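Encoded as structure tokens, the structure appears first; notes follow it.
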Amino acid sequence: MTERESAEVAGELGLCELKLRKFRDAAEHLAWSLERRKALSPEQQKGFADGLAKAVPFLATLYLSVDPPDAEVFVGGKPIGRPRRTYTLFFVPGKHMVRARAPGRAEGTQTLDAQAGTEPIMTFQLSRAAESSATDNAPAVPKAVSAVPPARPQAPGQPASWPTTLRIAGIAVTTATLSAGSLLMIRATNLDGDLSERRDGLNGGATASGSRCWQAADRPGCADLLRLRDERNLSAGMGTALLIAGGVIGAATVASFFTDFSFLGLTPAQDRIHASPVATGREIGVVIEGLW
Numbered sequence: 036m037t038e039r040e041s042a043e044v045a046g047e048l049g050l051c052e053l054k055l056r057k058f059r060d061a062a063e064h065l066a067w068s069l070e071r072r073k074a075l076s077p078e079q080q081k082g083f084a085d086g087l088a089k090a091v092p093f094l095a096t097l098y099l100s101v102d103p104p105d106a107e108v109f110v111g112g113k114p115i116g117r118p119r120r121t122y123t124l125f126f127v128p129g130k131h132m133v134r135a136r137a138p139g140r141a142e143g144t145q146t147l148d149a150q151a152g153t154e155p156i157m158t159f160q161l162s163r164a165a166e167s168s169a170t171d172n173a174p175a176v177p178k179a180v181s182a183v184p185p186a187r188p189q190a191p192g193q194p195a196s197w198p199t200t201l202r203i204a205g206i207a208v209t210t211a212t213l214s215a216g217s218l219l220m221i222r223a224t225n226l227d228g229d230l231s232e233r234r235d236g237l238n239g240g241a242t243a244s245g246s247r248c249w250q251a252a253d254r255p256g257c258a259d260l261l262r263l264r265d266e267r268n269l270s271a272g273m274g275t276a277l278l279i280a281g282g283v284i285g286a287a288t289v290a291s292f293f294t295d296f297s298f299l300g301l302t303p304a305q306d307r308i309h310a311s312p313v314a315t316g317r318e319i320g321v322v323i324e325g326l327w
């Protein structure tokens, strides 16, 4: 909206408010429009000025000056607009509180007893904030040391600590179980390789479906072959069991981070734990951050 359009709209709005006997609003809009009289036609200037002259007798017109000019002015606790050095304000009859403040200055407050048809003048000279002199120059008095020892942080109670303890234990057990299971599976693989080599050597390179030792265990060298087979089966079985157990414990531990313990009077886990999915070209995983 151009300046000319804004001035016209404000003036026409003021004339409408004048007909509704909203004298204060009418005066403010008409005065604002006339401040931009260069954008108005002579007919509009005359019409808006006549409207303002009709509204003013029902109001008190306050001429306010403020120093410094960047001070904020408040009427009834509300700011009246951008800081200026001088203001022309309109008040309905009654008592009004006018306040001015600026950074590094003492605040000023005055009461206006507005009467219809009057034109009071008010001035604010905001002095610089008084700096402490006598207090700063006085020797410092040592403060008495309090005999009360500072409060020590209390250890967390049992209800709030057991989930953390279980999570830490779950992580430790999961890591140990998966590591042991992986080592056993590697050992089983190595034993299976040794078993295949010795079985091939015992069979003379034959590719029969089964080793001869399985049918004749008393053959020379079969005892060692059977021992390797038992060790391989035992390692593979234990390794598989440990990997399954570690997976179950790990899944339960991860699930505990997303469990809300509010029904036990504890802080919900999601307020302390943040999980973010991470994906690369070859891996997919979850990054878990927070307080355990």
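Letter by letter, the sequence shown follows residues 36 to 327 of our numbering. For every residue, glycine included, the Cβ atom is placed at its ideal position computed from N, Cα and C. Bear in mind the structure is a predicted one, so any value in this text is a computation, not a measurement.
| query | result |
| --- | --- |
| Cβ pair T144, S100 closer than 8 Å | no |
| Helix, strand or coil at Q193 according to DSSP, with G and I counted as helix | The pLDDT assigned to Q193 is 46, lower than 50, so where the model puts this residue is not dependable; a value taken from the coordinates is nonetheless given after this. Three-state result, Q193: helix. |
| Assigned exposure category for A286 - 16 Cβ within 10 Å defines buried | exposed |
| First and last residue of the uninterrupted alpha helix (DSSP H) at F83 | 77–90 |
| Segment limits, beta strand (DSSP E) that includes L97 | 95–102 |
| Length of the line joining the Cα atoms of G139 and V110 | 21 Å |
| G281 and G216 closer than 8 Å at C-beta | yes |
| Integer Cβ distance of A42 from L75, believed to fall under 8 Å | 6 Å |
| Backbone CA spacing between S270 and V283 [nearest angstrom] | 20 Å |
| DSSP three-state assignment for D227, whether helix, strand or coil | helix |
| Delimiting residues of the alpha helix (DSSP H) encompassing R59 | 58–69 |
| Cβ-based neighbour list, E154, same chain, cut-off 6 Å, excluding 5 preceding and 5 following | T96 |
| Collapsed DSSP secondary structure at R202 in the structure displayed | helix |
| Buried or exposed by the 16-neighbour rule on C-beta atoms within 10 Å, applied to V183 | In this predicted model, V183 has a pLDDT of only 47, less than 50, meaning its place in the structure is not dependable; the value taken from the coordinates is given anyway. Exposed. |
| Nearest to D259 (by Cα), restricted to the options T275, I206, E232 | E232 |
| Euclidean distance between Cα positions of R72 and M132 | 31 Å |
| Own chain partners of F83 with C-beta closer than 6 Å, once the 5 adjacent residues on each side are dropped | G46, L65, S68, L69 |
| Beta carbon proximity, V133 to chain C, threshold 8 Å | Given the protein chain composition of this structure (a single chain), no chain C is represented. |
| Residues of its chain near Q160, where Cβ-Cβ distance is below 7 Å and the 5 sequence neighbours each way are ignored | D102 |
| Reference R56; option with closest CA among E38, E78, V91, K81 | V91 |
| Strand pairing of D148, partner residues [DSSP] | K130 |
| Cβ-based neighbour list, Q150, same chain, cut-off 7 Å, excluding 5 preceding and 5 following | A95, P128 |
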